[in-house]
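If you're matching positions, the sequence shown starts at 1421 in my numbering and goes up one per residue.
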Amino acid sequence: MNQDWERRWGHNLLVGAALAASLAAPLAAAGADGGVTGTVTVTGGRTNADVVVSLVAPGLTLAPPPKPVEIDQQGLVFRPHVVAVVQGTTVRFLNNDQEDHNVYSPEGGYNLGTWPAGQVRDQLFDRPGTYTQLCRIHVDMEAFVVVLDTPYFAVTDSTGRFEITGVAPGTYTLTTWGRRLKRVERPVTITAGAPVTVDLTLGR
Ligand SMILES: [Cu+2]
């Protein structure tokens, strides 16, 4: 499970595989899960990256990761720019610059203070929503934490590709979040062992 978790970050592709793998799939035997792969194209956009794609359904079991999900601050930039997490996840903010950073969120109503390189600050995200992360010292710094009430999600890479694996068979609503992009919702039926392909075009 940890390996899966690491791989997500290594590919800058936030796949809910680790979380999904920890769920007991009620409708299918182990190893018989399905998934969704696809691409997102942003019309008129500079990048197809950083779009959150999730599969929503009532009553999904949510299992936050045991370790915090990290957002680094390096070169006066939040890395990654967009992080998707399941409700109940703690996000750890690092500082790898030779100057102080601050983190606060208008929607979250928190201000984690100002701290130097080497220190960290943790924030628990226990309510679904989108939380902008800002730094009072560097006004150009911006990141987003998208908190979901589903374990099945991914964030697109620079080519717009996403992959959601380990999904229990069933019917879901595929839902997107992208900064300043219109939300798209589409019904998706997941069957065991047969990944579904979904290609989306998102506009403003
Ligand atoms: Cu800063």
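We treat Cβ as the ideally placed atom computed from N, Cα and C, and that holds for glycine.
Where Gln1494 falls: helix, strand or coil (DSSP): Reduced to three states, the DSSP call for Gln1494 is strand.
Thr1570, DSSP secondary structure in three states: coil
Contact belief for Gln1539 with Asn1516 at Cβ below 8 Å, rounded distance in angstroms: Between Asn1516 and Gln1539 the Cβ distance is about 11 Å, and since that is not below 8 Å, they are no contact.
Ordered list of beta strand (DSSP E) runs contained in the region 1455-1516, each at least 3 residues: 1472-1476, 1489-1494, 1497-1499, 1502-1506, 1509-1514
Beta-carbon separation (whole angstroms), Ala1522 vs Thr1510, contact threshold 8 Å: The sequence shown places Asn at residue 1522, not Ala. At roughly 19 Å, the Cβ-Cβ gap does not stay under 8 Å, so Asn1522 and Thr1510 are not in contact.
Three-way DSSP call (helix, strand, coil) for Pro1607 in this model: Correct three-state label for Pro1607: strand.
Span separating the alpha-carbon of Gly1454 from that of Lys1487: 26 Å
Supposed contact pair Val1476 and Thr1593 - C-beta distance, whole angstroms, cut 8 Å: 5 Å
Where Gly1598 sits in the DSSP three-state scheme: coil
Short Cβ contact (7 Å threshold) for Ile1610 with Pro1589: Against a cut-off of 7 Å, the Cβ pair of Pro1589 and Ile1610 comes out as a contact.
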